[in-house]
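For reference, the structure discussed in these notes is given below.
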Amino acid sequence: MTNPEPEYVFDQVQIGKGLKPLAQHGFVLVDRGTLTLLGSDRQHIDSGPLNQIAAKKVRFTGGKTVSLTLNGTKYNVSPGWGARGVFVLPGDTGHVKTAAEALLRLIALGGGQAG
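Quick note on numbering: the numbering used here labels position 11 of the sequence shown as 147, and the sequence is numbered without any gaps.
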């Protein structure tokens, strides 16, 4: 019996390409060795196998944003930045950094380059 739910879902993700925003409240799905980027209205942005993804923390964000190279295209992904239902004090972005680190760990476990 197969499970229709993806293994891991990061929601409220800001997704951008360079300075161009693609999704303010997007999704990153990790399922069966594949990473998928979805926009705010769940439209497909891009996807690819984890073992072909290069990912690293973006230095000037304090590790809260991950730079992904997926199918030759570079994306900036910030899990948790789009959260509005959570009361966040200025400077209190620990949940965002934790989500970014978890995403990097999943990419590394899937055979991708994570730094």
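C-beta atoms are modelled at their ideal positions from N, C-alpha and C, and glycine is treated no differently.
- Residue L245 holds the alpha-carbon nearest to the alpha-carbon of G169 among A250, G251, L204, L245.
- Between V213 and the set D177, P142, L186, F163, the nearest pair of CA atoms involves F163.
- Sequence-distant Cβ neighbours of P185 in its own chain, meaning closer than 7 Å and more than five residues away, are G169, T170.
- Runs of the beta strand (DSSP E) spanning 3 or more residues and lying entirely within the stretch 146-222 occur at 156-167, 170-174, 180-185, 190-193, 202-206, 209-215, in chain order.
- Separation of P142 and G248 (C-alpha to C-alpha, rounded to the nearest whole angstrom) is 19 Å.
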